[in-house]
Amino acid sequence: MRKGTSILLTATVATSLLAPAAVTAQDQTQLVILSPDAVAALDTEAPGTLVLESMAALVNLMEPLVEFAPAGTHSEGGVHQLDFTSFEGRLAESWEFDPDTLTYRFHLRQGVIGCSGNEFTADDVLYTFARAKSASGTLGPLGWFMFNTGGVAGFTPDVLAPDADRSLGDEVTKVDDFTVDIKVASQRRLFLPVLTDFFVFIWDSKEMQAHATEADPWSHEYATTTNAPSFGPYCLESWTKGSELTAVANPSYYRGPAAIDRIVFRKVPETANRIAALQAGQAHIVQNLTPRDYEFLRQAGNGVHVDSIVGNQFLFLGLSWNVPPFENQALRQAFAYAIPYEEILSTGYGGQATKWEGTVPSSYVGFHRTDAQYTTDLEKAAHLLDEAGFPGGAGLDQYPGVLRLAYVAERESTLGPIATLIQSSFRQIGVELELDPMPQAQFADRVFSKHDVGMFLDDQDKPDLPTAEYALGPFMTTGGPGNYTLFSDPAVDAYFPAVYEETDPAKQDQMLAEIQEIIMATPNWLPIAEYATQWGVRDGVSGLTWHPDLQLRWYDLKVEP
């Protein structure tokens, strides 16, 4: 455990590392955010986009067509909440849907000026859709995937064939400079939530096309390495790769200039240095600390508080169905009853988490608390282990390496103690686990791509769209793009795509509840905890709002004198 004194002793080190000097009363319009990593790319289709810091830059430099409306409420930890059933216009001022032609008509906001000085028009919307359909990025095709998920016509898997025509057809058309029609293959509740996702934020087409080349017609290199031209509240001022990004308020932003003139988003890998800098007034917000670190900040005070919300971050134990013997349902259930849930909540998360009682984040539209639940019951776990054909763990040694519990080594401070608790509990039913921390890149490759890890702890996944059908469809259907345990259940598959296309919310939620019951009883992922998303914040900083992508919107922030 990190001691409070050791954190305070690093303050002088942090002061020497961080510039500018402590924020003063005369410098009220600059805000410094510290994070353990740096912005890696500014292209929504580049691998570096998956770095959380890259996402933070993109959601503040770019702008969506629509956004979730404020709920007008706060979490117990003081974070503003959104209403995931209500939407308000951003670059789109209004819209309507024609069920006869399955067409949304968007009326675009006029007089919007981007950071490059260009005026926003329908051409920028068409460019964004065309770029996504081109499936030309090195990471994606994530733009295509999001529009496919939303049911946009023409964004089918056929587009991904090597010889496919990927040009934009009549599915997205320009009516006039400020009106766009978007056709859908079917009406889905997911359509509007998709438009809030940063993978489909709107590009400044004129600026992007100015940097296009014959080899790179969609300007991926420019966006990856240089800028993300759009119509957002902040403009890129400077970007030192691997270190720091500085953004300044867009003076022409259509909702009015941001309250904070300049945001400095800086990499400080050492947790203790981030904490010391916050306490010394060198920074306004720090993120990605451990539960113990956040508890230290709560207790230490010193002009600092912690804002928190239980949103969509969770911990689960994954069991890969393609790795024997984990296709055995009784074995999976035995493991579910052997997990020491309460110890993990109290010790691993210091009381800053709740037991996850479903297969969808509890804050999402369509969440259902399942009748099937797992508690720590070692007697029942032992009985199920016997039923599975492995009494007292005997016979599991026939599967070399299968009882290795993998997790991301960079998450050792949080996941290491939790893995040890699970190891100790499993030992009591005769199952000896070997802990297997591995570098994040290796973990991602083996779990998400190669699917050759039998057991793993994961606390970094999150469905970006806050609806149960999105949290289930890509992750829990046979062949789903997010189904990295290779789970397969005909009963679950039978619900899709009907669950996507059901327009009666009550009927849709009933189907989703039935799916969640099937998955929990099976089980696939073994849900353990929903833990709080937290930020260390200087007193006087307000406006933190939780979005499903976990990134703060800098426009919402304010700094009091």
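Residue numbers (this note's numbering): 881 to 1441. Backbone N, C-alpha and C define an ideal beta-carbon position, used for all residues, glycine too.
Under the rule that a run must span 4 or more residues, the alpha helix (DSSP H) segments found entirely inside the segment 921-976 read 932-941. Within the same chain, Cβ atoms closer than 6 Å to the Cβ of Pro1354 are found at Gly1360, Pro1361, Gly1362, the five residues on either side in sequence being excluded.
Relative to Phe1367, the option among Asp1084, Glu1207, Glu1290, Ala1152 whose CA is nearest is Glu1207.
Nearest C-alpha to Thr1053 among Tyr1007, Gly1017, Ala1090: Tyr1007. Between the alpha carbons of Arg1307 and Phe1176 lies a distance of about 32 Å. Annotation for Tyr1287: Leu1295, Ala1299, Pro1317, Phe1336, Leu1337 place their beta carbon closer than 7 Å to its own, counting only its chain and skipping 5 residues before and after. Per the C-alpha coordinates, the member of Asp978, Lys1086, Glu956 positioned closest to Asp1004 is Lys1086. Apart from the 5 residues on each side of it in sequence, Ala1261 sits with its Cβ closer than 6 Å to the Cβ of Ala1214, Tyr1217, Ala1218, Ile1309 in its chain, given in chain order. The count of Cβ pairs closer than 8 Å, one atom from the segment 1014-1028 and one from the segment 1153-1165, stays below three, leaving the stretches out of contact.
Taken atom to atom, the span from the alpha-carbon of Phe1145 to that of Thr1126 is near 6 Å. Collapsing the DSSP output to three states places Ile1398 in a helix. The alpha carbon of Thr1029 has as its nearest neighbour, out of Ala920, Lys1438, Asp1419, Tyr1350, the alpha carbon of Tyr1350. Asp923 and Leu1022 have their C-alpha atoms spaced approximately 11 Å apart. Bridge pairing for Met1318: Val1288 [DSSP].
The segment 992-1059 is shown to contain whole beta strand (DSSP E) runs of 3 or more residues at 1052-1056, in chain order. Under the three-state reduction of DSSP output, Val1166 falls in the strand class. Of Leu1116, Thr1120, Asn1153, the smallest CA-CA separation from Asp1141 is found for Leu1116. The alpha-carbon of Leu1258 is positioned some 44 Å away from that of Phe1078. Assignment of Gly1416 by DSSP, reduced to helix, strand and coil, places it in the strand class. Distance between Asp1038 and Thr965, taken at the CA atoms: about 31 Å. Looking at the backbone, the Cα of Thr953 and that of Gly1272 are separated by about 50 Å. Secondary structure at Gly1198: strand, using DSSP grouped into helix, strand and coil. Secondary structure of Pro1297 (DSSP, three-state): helix. Going by DSSP, Val1186 is part of the beta strand (DSSP E) stretching over 1184-1189. Non-local C-beta neighbours of Leu1345 in its own chain, meaning closer than 7 Å and more than five positions away in sequence, comprise Leu1070, Pro1073, Val1074, Asp1077, Pro1428, ordered along the chain. By DSSP's assignment, Ser915 forms a beta bridge with Lys1147.
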